[in-house]
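Q: Take 1 as the starting number for the sequence shown in this note's numbering and just add one per residue. Each residue gets a CB set at the ideal place from its N, CA and C atoms; glycine is no exception. Since we're looking at a predicted model, the values are computed, not measured. My questions will all concern the structure given below.
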Amino acid sequence: MKQKKIISLVINVLIFIFVAYCIIKAAFGDGNLFGGESHFYHFYTYDSNILAALSCLYLALHTAKSLADPNYEIPKSAIVFKLIGTGVVTITFLTVVFFLQGAYGANMMFNNYSNFFLHFLVPILAMLSYLLLEHKPQPKLWCIVFALIPTMLYGIIYYHNVITLGVWQDFYHFTSLNMPMWLLIVVFGVFAVLVALIEWSLNHLLSKAMENH
C-alpha cells in the first residue's frame, strides 16, 4: 500500500509539473496548440489538462499527508476529483486519436513537448495512476455524475462563442457535422459520464482483484 501511494504521489506531481510547463509556454505565446499566439483557454485540451493537474495536485497533497501520518485517511473528495480530472483528459486523448488526427494530422497533434504532454502523456499517466494505484477510498457510483459538469460547461461556452457570438473559430469542426450544437453538447455530456463510468468500474474491479491476491 505504501509503495502504491509513493508511486501515485510521484505521478500526480509529474502531471502537475508537465501541465504547468505547458500553460506557462502557452501563456507566453510559445506553446499554443496551433503553434502561434492565442487564448489557450479556448481549447478543451488545455482546460481538461488544467482540471486534471489540479485534481492531481489535490490528491498528491493528501497522499503526502497520509504517508507522513499513517492514521490519516485520504478523503473521498480527492478520489472523486481525480476521477473527474482523469475523465476529461481521457476525452481529450480519445478525441485526438479518433477525430483530430484526421482533421489536422498526427504531426500537429504531437509535434512539440506541449502537444505531446497534453494530448498523450498526461492522459495516459492520469489513467494509469487512477486505475492501478488510487483505489482507496472508493467513491460511490453516483459520483460519476460530477464528470458531466466540466464537459457540458465547456460545450455551452463553446456554443456561445462559436455560434451565438461568432468570436471563436470552430477549431473542432463541430459545425461541419450537420448536427444541432445543443445535441452535440448533450452527446459529449453523455460521453463524459460513460467514460467516467468505465473508469470507475475498472478501478473498482482492479481494486477487488488486487485485494484477492
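#1: Rounded to a whole number of angstroms, what is the C-alpha to C-alpha distance between F28 and K208?
#2: For the candidate residues D69, F191, I156, whose alpha-carbon lies nearest to that of P180?
#3: Can you give the Cα-Cα distance for E37 and G166, rounded to whole angstroms?
#4: Could you check what DSSP says for P150 in three-state terms: helix, strand or coil?
#5: With DSSP as the reference, label K136 as helix, strand or coil.
#6: Checking 8 Å against the spacing of the C-beta atoms, do P139 and L83 come in under that value?
#7: Can you list, in chain order, the residues of its chain with a C-beta nearer than 6 Å to that of L184? Leave out the 5 residues immediately preceding and following it.
#8: With 16 as the cutoff for other CB atoms within 10 Å, does E211 come out buried or exposed?
#9: Please list the terminal residues of the continuous alpha helix (DSSP H) segment that includes L206.
#10: Using a Cβ-Cβ cut-off of 8 Å, state whether C56 counts as contacting chain D.
#11: For D47, which residues from the same chain have a beta carbon less than 7 Å from its beta carbon, with the 5 sequence-adjacent residues on both sides left out?
#12: May I have the straight-line CA-CA distance separating L94 from A26, to the nearest angstrom?
#13: CA-CA distance, I15 and V186?
#14: Kindly give me the distance between the Cβ atoms of L121 and F18, rounded to whole angstroms, as I take these residues to be in contact under 8 Å.
#15: Are there 16 or more other CB atoms within 10 angstroms of the CB of W200, so buried, or fewer, so exposed?
#16: Who are the near neighbours of N161 in its chain, counting only those whose CB is closer than 8 Å to its CB and skipping five residues on each side?
#17: For L9 and T63, which I take to be in contact (beta-carbon distance under 8 Å), what is that distance rounded to the nearest angstrom?
#18: Cutting at 7 Å between CB atoms, please list the residues of its own chain near A78, excluding the five before and the five after it.
#19: Starting from the Cα of S114, find the closest Cα among K2, I11, L67, I50 and give me that residue.
A: Looking at the coordinates:
#1: 46 Å
#2: I156
#3: Reliability fails at E37, whose pLDDT of 44 lies under 50, so the model's placement of it is uncertain and the value that follows must be treated cautiously. Rounded to the nearest angstrom, the two C-alpha atoms are 19 Å apart.
#4: DSSP places P150 in the helix class (H, G or I) of the three-state scheme.
#5: coil
#6: yes
#7: F174
#8: Flag for E211 reads exposed.
#9: 181-211
#10: Among the chains of the structure shown, chain D does not appear; only one protein chain is present.
#11: Here the set comprises Y41, Y154.
#12: 22 Å
#13: Each residue's Cα considered, the two are about 29 Å apart.
#14: About 7 Å separates the CB atoms of L121 and F18; that is less than 8 Å, so the two are in contact.
#15: buried
#16: H42, V167, W168
#17: Contact flag correct, Cβ pair sits at about 5 Å.
#18: Y58, L59, H62
#19: I50
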